[in-house]
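S.K.:
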Amino acid sequence: MGRNAFTLIVYAMIGLAVVGLLFSLLNDAAGFFGNMLISLGIGLAICAVVYLLFFRNRTTTSSDTRKYKQAVKQSKAKYKQNYQNASTSTVNQQRKQTNPLKKKSHKRPRHLRVIDGNKSKRKKRVSN
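Counting in full-length UniProt numbering, the sequence shown runs from 1 upward without gaps.
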């Protein structure tokens, strides 16, 4: 019974608030909108203060966030330099392509290597 009485009181208060807003709007519309703008401004100021005090400091103190930002900065610096070098290398490649007399030599990539495997386990064959 207590819970039903509480909900009835809440609904009655909301209803009276709506009636009061409508009455205020009909009698003095300019004052109503002025009060609404002031209330909205105060609400935004309170939200901004709460955000700056609680949420902003929590995110900047994380060591992971600082490390991530530093890594992003280093990566941008690295690839920015490579991007500039790549643009100059494309110009050099275009110059090389204009000379059709030179043959391109295909070299084996240096990062690949031969793996010996199990040579010692193979049978020794006699050859003539």
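Idealized CB from N, CA, C, for every residue including glycine.
Enumerate in chain order the residues of its own chain whose CB-to-CB distance from residue 135 is below 6 Å, with the five nearest sequence positions on each side excluded.
M.R.: Not covered by the structure: residue 135. The range shown for the chain is 1 to 128.
S.K.: Quick check: what's the CA-CA separation for Phe23 versus Ala17?
M.R.: On the sequence shown, position 23 is the one that residue 23 refers to. On the sequence shown, position 17 is the one that residue 17 refers to. Going from the Cα of Phe23 to the Cα of Ala17 covers about 10 Å.
S.K.: On the DSSP letters alone, give me the boundaries of the alpha helix (DSSP H) that Leu44 sits inside.
M.R.: Within the sequence shown, the letter at position 44 stands for residue 44. Its alpha helix (DSSP H) spans residues Ala29 to Val50.
S.K.: Measure the C-alpha to C-alpha separation of Ser75 and Tyr68 and round it to an integer number of angstroms.
M.R.: Taking the first residue of the sequence shown as 1, we reach residue 75 at position 75. Taking the first residue of the sequence shown as 1, we reach residue 68 at position 68. Approximately 10 Å, taken between the alpha carbons.
S.K.: Going straight from the alpha carbon of Arg3 to that of Met13, what length do you get?
M.R.: Walking along the sequence shown from the start, residue 3 turns up at place 3. Walking along the sequence shown from the start, residue 13 turns up at place 13. The alpha-carbon atoms of Arg3 and Met13 are separated by roughly 16 Å.
S.K.: What number of angstroms, rounded off, separates the C-alpha of Lys80 from the C-alpha of Leu44?
M.R.: Indexing the sequence shown from 1 puts residue 80 at position 80. Indexing the sequence shown from 1 puts residue 44 at position 44. Cα to Cα, Lys80 sits roughly 40 Å from Leu44.
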